[in-house]
Each structure stands twice: as structure tokens, then as C-alpha cells.
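J.: Submitted below is the structure of interest, expressed as C-alpha cells.
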Amino acid sequence: MAGIFFGASMVHAAAEARDAMRAQSAQEAKFNVQKSELTELRDQVERLTLLNQALWELIRARLNVTDAELEQLAQEIDLRDGKQDGKLTSHPLKCPNCGRVSNSRHRKCLYCGLLFEADLFA
457 MAGIFFGASM VHAAAEARDA MRAQSAQEAK FNVQKSELTE LRDQVERLTL
507 LNQALWELIR ARLNVTDAEL EQLAQEIDLR DGKQDGKLTS HPLKCPNCGR
557 VSNSRHRKCL YCGLLFEADL FA
């Protein structure tokens with residue numbers, strides 16, 4: 457009789473070990489996906505940084521705009537949402553058709569469906 461309990465206990469332990477290995481494997485897969493996404497985001501940030509630098513150097517050379525003017529404009533744009541935090545945030549947008557307020561991240565009015573003018577940077 458003791459052998460039956462011992463055998464059942466071993467089967468149960470093996471099943472638990474298998475479940476633990478599956479859980480660990482799933483966690484590792486999730487980690488690898490997140491790591492890949494992070495790498496992709498870093499690459500995108502680096503590319504955007506490079507493009508911004510190229511655009512700024514082109515504008516400075518062709519239009520004689522100073523670094524101080526760029527910084528001043530960046531601060532003005534940052535303050536449009538009422539907070540100087542170095543970020544662009546969404547803001548309420550009043551629909552010219554129905555007068556209802558929608559979030560600026562939406563491309564059309566949530567109430568009447570009017571397409572808003574596209575913001576080049578949204």
C-alpha cells in the first residue's frame with residue numbers, strides 16, 4: 457500500500473515540476489518579447505533623434521534660426537497644455553460642427569463623426 461502512495465506522490469511531484477517548467481518557459485518567452493519590443497523602441501528613438509538633429513541643422517543653416525530661438529519655441533509649445541514637463545499631451549478639442557468636446561488624439565468627432573484637420577505630428 458505504501459508503494460501506491462509513494463508512486464502517486466512521485467507522479468504528482470513530476471506534474472508539479474512540469475507545470476513549473478512550463479510557467480518558467482512562458483515567463484522567459486514573455487521576457488524575450490518585452491526585451492525585443494524595448495530594443496525596437498530604443499532603435500526608433502535613436503532614429504528620431506538622428507532625424508531631428510538633421511532637420512535642426514538644415515533649418516539653422518538655411519533659415520539662420522538660432523539655438524536660443526529653437527529652445528524658446530520648444531518651451532512655448534511645451535506650455536500649451538499648461539505644464540512645463542517636456543511632453544506633448546492631448547488637449548480638449550471643440551468640434552466646429554456640433555460644438556461637443558473630443559480628445560485631440562482622435563481623428564474625428566466622437567459625436568457627429570466630422571473628420572478633424574490632421575495634425576502633422578499627431
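Counting in my numbering, the sequence shown runs from 457 upward without gaps.
Ideal Cβ placement from N, Cα and C applies to all residues, glycine included.
How would you call Ser465, buried or exposed, if buried means at least 16 neighbouring beta carbons within 10 angstroms?
T.: With fewer than 16 Cβ atoms within 10 Å of its Cβ, Ser465 is classed as exposed.
J.: Mind checking Cys568: buried by the 16 CB within 10 Å criterion, or exposed?
T.: Classification for Cys568: exposed.
J.: Can you name, in chain order, every residue of its own chain whose Cβ lies under 6 Å from the Cβ of Lys550, other than the five neighbours on each side?
T.: Counting only Cβ-Cβ distances below 6 Å, and skipping sequence neighbours, we find Val557.
J.: Please report the residue range of the beta strand (DSSP E) in which Leu549 lies.
T.: Start and end: 548 to 550.
J.: Pull up the distance between the alpha-carbon of Glu573 and that of Arg561, whole angstroms please.
T.: Looking at the two C-alpha atoms, the distance is approximately 12 Å.
J.: How many angstroms separate the CA atom of Pro552 from the CA atom of Leu570?
T.: Each residue's alpha carbon lies about 9 Å from the other.
J.: Along the beta strand (DSSP E) that carries Val521, what are the first and last residues, could you check?
T.: It is not in any beta strand (DSSP E) - Val521 carries neither H nor E in the DSSP assignment.
J.: Suppose you measure from the CA of Arg518 to the CA of Arg498; what does that come to, to the nearest Å?
T.: Cα to Cα, the separation comes out at about 30 Å.
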